[in-house]
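Undergrad: Residue numbers (UniProt numbering), protein chains in the order written: chain A, 1 to 685; chain B, 1 to 685. Even for Gly, the Cβ is constructed at its ideal location relative to N, Cα and C.
Number of protein chains: 2
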Amino acid sequence: MTELPESKVDVLVIGAGPAGLMLALWLSRLGVKTRIVDKRTAKVYSGQADGFQVRSLEILDSFGIAERVWKEANRMLEVSFWNPDENGIIQRSAKSVNTIPGLSRFTESVLHQGRIEQFFIDGIRASYPSNETPLQVERMVIPTSLEIDEAAAEDSEAHPVTVTLRHLTEEEATPTQMLSNLNDGIFRSNLAEDDVAGILDRSKGREARDEVVRAKYVVGCDGAHSWTRKALGKEFEMKGESTDAIWGVMDIVPITDFPDIRFRTMIQNTAGALMIIPRENRMVRLYIQLKEVSAGGGRVDRSQITPEIIFKSAQRIFSPYKLEYHYCDWWTAYQIGQRTGDHFSKLNRVFLAGDAVHTHSPKAGQGMNISMQDSYNLGWKIGLACKNILPRDVLSTYELERKKIAKDLIAFDGKFSKLFTGAPPKDIQSETGVSDDVFQKAFHTSRMFTTGVGVNYQPTVLVAKEADPDPETEDDSPNTLTKSTAKSTQSLATNCKLGQRFPSYKVIRQSDARLWELHHKLPSNGRFRLVVFGGDISQPTQRDSVNALGAWLSSYLPKLPTIGLCPASDPHSGQIKFKTDADPSIVDVVLVHSAPRDEVDLLRDVHEAYHPFDSKLGWDYDKVFSDGKTFYEEPERAYEKYGIDSGKGAVVGLRPDGYVGLVTPVGHDGAEQIQRWFDGIFQRS
Amino acid sequence: MTELPESKVDVLVIGAGPAGLMLALWLSRLGVKTRIVDKRTAKVYSGQADGFQVRSLEILDSFGIAERVWKEANRMLEVSFWNPDENGIIQRSAKSVNTIPGLSRFTESVLHQGRIEQFFIDGIRASYPSNETPLQVERMVIPTSLEIDEAAAEDSEAHPVTVTLRHLTEEEATPTQMLSNLNDGIFRSNLAEDDVAGILDRSKGREARDEVVRAKYVVGCDGAHSWTRKALGKEFEMKGESTDAIWGVMDIVPITDFPDIRFRTMIQNTAGALMIIPRENRMVRLYIQLKEVSAGGGRVDRSQITPEIIFKSAQRIFSPYKLEYHYCDWWTAYQIGQRTGDHFSKLNRVFLAGDAVHTHSPKAGQGMNISMQDSYNLGWKIGLACKNILPRDVLSTYELERKKIAKDLIAFDGKFSKLFTGAPPKDIQSETGVSDDVFQKAFHTSRMFTTGVGVNYQPTVLVAKEADPDPETEDDSPNTLTKSTAKSTQSLATNCKLGQRFPSYKVIRQSDARLWELHHKLPSNGRFRLVVFGGDISQPTQRDSVNALGAWLSSYLPKLPTIGLCPASDPHSGQIKFKTDADPSIVDVVLVHSAPRDEVDLLRDVHEAYHPFDSKLGWDYDKVFSDGKTFYEEPERAYEKYGIDSGKGAVVGLRPDGYVGLVTPVGHDGAEQIQRWFDGIFQRS
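1. Apart from the five residues on each side of it in sequence, which residues of its chain come closer than 6 Å, Cβ to Cβ, to A/Ile288?
2. Any beta-carbon of chain A closer than 9 Å to the one on B/Ile75?
3. 9 Å is my cut-off, CB to CB: does A/Gly365 come that close to chain B?
4. Does B/Glu207 pass the burial test, meaning 16 or more other C-beta atoms within 10 Å, or should it be called exposed?
5. Just by C-beta distance, which residues in the segment 632–644 of chain A are closer than 7 Å to chain B?
6. I need the boundaries of the alpha helix (DSSP H) containing A/Met22, first residue and last residue.
7. Could you work out which residue in A/Pro307, A/His343, A/Val219, A/Lys441 is closest to A/Gly15 when comparing CA atoms only?
8. Please list, in chain order, the chain A residues whose beta carbon lies closer than 8 Å to that of B/Arg337.
9. Would you say B/Trp331 faces chain A, with C-beta separation under 9 Å as the test?
10. How would you label B/His225, buried or exposed, when you count the other beta carbons within 10 angstroms and need 16 or more for buried?
11. Can you list, in chain order, the residues of the segment 119–142 of chain B whose Cβ is nearer than 7 Å to any Cβ on chain A?
12. Please report whether the beta-carbon of A/Val253 lies at a distance below 9 Å from any beta-carbon of chain B.
13. Quick one: what does DSSP say A/Lys230 is sitting in, helix, strand or coil?
14. Using CA coordinates, which residue listed in A/Val651, A/Pro656, A/Asp669 is at the minimum distance from A/Val663?
15. Going by DSSP in three states, A/Asn181 sits in which element: helix, strand or coil?
16. Taking CB distances under 9 Å as the criterion, tell me whether A/His607 reaches chain B.
17. So, does the segment 605–612 of chain A touch the segment 532–548 of chain A, judging by three or more C-beta pairs under 8 Å?
18. When we look at the beta-carbon of residue 693 of chain B and count the other beta-carbons within 10 Å, is it buried (16 or more) or exposed?
19. Could you please tell me which residues of the segment 512–524 of chain A, in chain order, have their CB closer than 9 Å to any CB of chain B?
20. With a threshold of 9 Å between beta-carbons, can A/Val11 be considered close to chain B, or not?
21. Which of helix, strand or coil does DSSP assign to B/Gln366?
22. In angstroms, rounded to a whole number, what distance separates the CA positions of B/Val69 and A/Phe344?
23. Report the option in A/Arg125, A/Trp331, A/His572 whose CA atom is closest to the CA atom of A/His112.
24. Identify the contact partners of A/His611 in chain B, using a Cβ-Cβ distance below 7 Å as the criterion.
25. Find out if the Cβ-Cβ distance for the pair A/Ile252, A/Phe263 is shorter than 9 Å.
26. Given that a residue counts as buried once 16 or more other Cβ atoms are within 10 Å of its Cβ, and exposed if not, what is B/Phe52?
27. What separation, rounded to the nearest whole angstrom, lies between the Cα atoms of B/Asp413 and B/Ile59?
28. Run through the DSSP bridge pairs and tell me what B/Ser7 is partnered with.
29. Are the segment 363–381 of chain A and the segment 22–42 of chain A touching by the rule of at least three beta carbon pairs closer than 8 Å?
30. Assess, as a yes-or-no matter, whether the segment 349–367 of chain B is touched by the segment 482–489 of chain B under the definition of 3 or more beta carbon pairs within less than 8 Å.
31. Answer with yes or no whether the minimum CB distance from B/Glu6 to chain E is below 9 Å.
32. Does the CB of A/Met178 have a neighbour CB from chain B at under 9 Å?
33. Hey, quick one: how far does the alpha helix (DSSP H) through B/Ala314 stretch, first residue to last?
34. Just to confirm before moving on: does the CB-CB distance between A/Trp82 and A/Tyr376 stay below 9 Å?
35. Out of curiosity, what's the CA-to-CA distance linking A/Pro259 and A/Tyr325?
36. Just checking, does the segment 83–96 of chain A make contact with the segment 584–596 of chain A on the three C-beta pairs under 8 Å criterion?
What follows is the structure in structure tokens.
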């Protein structure tokens, strides 16, 4: 037998669904040598996951790839609840807001998984200069063995994970195209335009071959039946339970006289429960309780389930309204179950993300979102570790931070599913009212969680805070990671909550009066941020404080690592034509003041730390912003919304994923806390 | 000598700059057989036209191609005026708004012509289904002869224009790449990413060949030195005058301590005048008066002008502020002159558009805009004439409508340029103040014209109005075209001005509560529109009126022509997956009511004319909108902004280019006027 070909890579990603693609996108932006393999012959073209929660859209936007989702997706703005009246006829019992207003510039939206996979692939391509070959998904490739050289696990130069990959023939790969546990998809002919290339390009008639890859890190994003998880051993098995409830799912273009067909709607009829998710392209997704199919304490007999059975159930629940369809895009069925694992990583060398470590029911639109957010949490940590900017032990924060989310998700989903399935509505109005009221209340209190905005990470070197006193957010596994020695002052910025995502409000660019979402000036490019809310710098004392901090930053920041950025570093202003030679610091500084804009002269009044000079490009006019008036829009009052005093301001420290890690004053003490925070992250030996 | 190969085409477009590409885009969207040829080897990559006025952005948005301009362009929000103080030192004398707030959702923006040419090309490609070859620009092709068979000019089935085309070798075509009258461009190395393909793909080493094309229509969009214009004969020559003033233009990345470098700025220093246009990619464009170069009553000696001379003038005008640069992207120089022609068309078979019929100075950022708007006016008329939907005499409205704009432009430019060049600032503050004040006033009063929103078309069959009583908008050449027999009632919709573009405000979709810019529901797809402002349809009397109109429309509209639309018919919601078999009417109907949204049930309360049924796709939920409250944004008060009574409403008739052609009541008389308007357009024999 001949030796297999061998190669090295920094990161090997197994699985090219949303979790794997998010990771690949991060690593592309950071310029980390990566491969991503997938067993499927092509990306998904219809059906599957479809709900985009607002935090996911913010994250996609931080890479500049949310625009197309936001344009093509259907937005779900209001939610409607229907229950039987005293005669057993369904009627609308309530209609209310679906996403908490003011929480984000986005609202919950729906678009099928294939489109977002395409946008990820385009976003990865945009990370590379035109003279380099971009990272591409290697399809029809499966891992067949995985080993970790435990002795080399803590050597930052080592490639201790060895994986054997098998490149399948098309015949071998085709069965894996069966995407769900059931036969799925009955109409597939109308592919979106830019999907076609993916199908045509896939290689034909190639021969199977094996190769060995030695990686610094391997991440299994390979779904509920994760090969990677199995390869890591028994202690990685997921645990949880299944209920007997069976649900059908159909994506159809409905022909119906039901009035709320374009709203997210929950119907609880005597014939069963149903949820309407209105989608793009005149379609709706229906989640339909299948009362006549039962798992009977075990796994359901799949042969019982056909689209006809599912649709007849839907018609009964819609009654007396009519429901027909001509086009069906996709259908499937599932048994509700919730499972998660105890371990998200082995030796901080092999990681699991997404469905590989948590599975649950799809109705709350969480799956793809939590999965993408897992690898969004992991990507910059692995990337900066590969570049020797972050010490390896920071990688432990991945499991700490994301296991808590997975457990919250499982708990939430169990409660939500039971509530939905388990409360058969009564046929007397008064009794229905109660049950319906409970359901609505549960729905609304869950919105902070389901939007993804409620995520609250624990105290570590990355988040300088005390353990959260609120028992609801407390962890059930002990947090033994090293804490930051910096001390935050949360009261200085009451809506920039430590451990939570920094919100976005509009601020005015000092140099040209253009309004910007502050998020658009904080793209995902691997850099930590100091957002210096400088307060009213038209007041000399305050201006002196801000400039003293600027002077200190000018001497301190050069002691921290630098980061080589790739071309797509300003995803919200198009392409970068002229390049600076300077290698940017790992810490980016942005100033947002509250003084009247016309009383500030950028070059004269503000320290150069806030408008750095480049010998070829001149001063940077894109780092100083104001909270005030323009000719074109009502004032945003950003200071008020961030919960910051407009006189004295505050400094907010952000991790590369936009989570708040430090809140500290503008003055001398602030500089000390900033130094402690960054030294605690970068300078440990 | 062998016979030349011959072929037929509906429309031949000569020139693939913004005017030609706009025309090609229109014709692609309408499914009209078109060819477009250009003498250049590739599209423009830097420099040239760069200013986007708000009306142009609205037009691009109506094809779904404004998003990328809006993202990549620099927005000019405020304008700054600098003059010498009593010591002769320049100081800021005023800073004010650059685009009238509330006029449009867009503001004036700057992006180089090469990008917009790329977006046009992408927009044309998106007009075709994936299994068809899209219209492509045929480069390195020039016309060498043009003849019109005058006897066949009025035969709607004829192809009376014969053009011989020469396909150049690369050697022949290369000199035409010299884009301006002077050597231009000294740095061209940093092309934007998606520009590269255009260069690589151009054919190499091909042989010259000739062919004969027989076209229904030919449009010359071939610039100031238009071959087409010359081919049409002496009476098409442009007339006008040149001044002695010479201006230099440079696109640089400035290194300067001048405080307003990122604002649009007019500097009038004792050393001369200069205008700053801040642009994308950290660049600014400087328009610099060259006092030491003079045309001396004739044409300037071009060899005098170098980038060094231009830049030294700029430095003197900037003094005492410093100005340096490392990167220069492009430069040129020009002599101010204004010219236009008397005829825009020959026999309504050959047309001229853009610089081919009007040239002027570039400083007001009008050139590309007026050019694109010329062919935006012409495209749907030619397209619908080719499809035998519009009678040929409607084509006469092109010259009537656009010649007036060209004359206004020339007059405006003469005044604006003279004002800018001719008023040397005094070195005494009080005297400067006066001259500066005059300048600022002229600048601001010109904004309605320069934004393109002030355009006001004359009474014809397309615009049912009386001749405008305002002498400022009156025409100097007599308008002899047939008038509509319909009678508008302007007072019913005071801000939907007859002959002007219909403005856009946000309305709420009845079916799902989503806010939409009303423009986004009126894309450029060749259809006329009736926007039925139905008023308060929660009131039975008003609802009955609206539904009676709906019933009448259901019987009247089927008598009008239908229009086959291409796939990209909803550019603001992504791709269309499921298709209706119905062939849509030339008239699209949209209902905007002012009743509380929750008091209206779309299917129950509103006539099916406003939510047409399709046997495969069910009811259309995208045609009824409301002006009221949502959970997410402050009320827009669209009725108030459109100047329409929220009780009784109004019907506004729109041409396919979005200009208001009819304003009439919702009731019985409205139906009569609608019938007169459309019959006058479509049913003449």
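TA: Walking through what the data contain:
1. Gly248, Leu274, Ile310, Ser313, Ala314
2. Note on identity: in this sequence residue 75 of chain B is Arg, with Ile being the wrong assignment. Yes, its Cβ sits closer than 9 Å to a Cβ of chain A.
3. no
4. exposed
5. Tyr632
6. 18–29
7. A/Val219
8. It should be noted that the sequence gives Gly, not Arg, for residue 337 of chain B. Chain A residues near B/Gly337: none, gap ~32 Å exceeds 8 Å.
9. no
10. exposed
11. Ser130
12. yes
13. helix
14. A/Val651
15. Caution applies to A/Asn181, whose pLDDT of 33 falls short of 50 and renders its modelled position unreliable; the value that the coordinates give is listed next. Coil at A/Asn181, not helix or strand.
16. no
17. yes
18. A question about residue 693 of chain B goes unanswered here, because the residues of chain B that appear run from 1 up to 685.
19. Asp512, Ala513, Arg514, Leu515
20. no
21. coil
22. 44 Å
23. A/Trp331
24. Those do not exist, as A/His611 stays about 11 Å from chain B at its closest Cβ, beyond 7 Å.
25. no
26. buried
27. 23 Å
28. B/Val213
29. yes
30. no
31. Absent from the structure is chain E; the protein chains it does hold are A and B.
32. A caution first: A/Met178 carries a pLDDT of 37, below 50, which makes its placement in the model unreliable, though a value can still be read off. No, A/Met178 does not count as interfacial toward chain B.
33. 307–318
34. no
35. 16 Å
36. no
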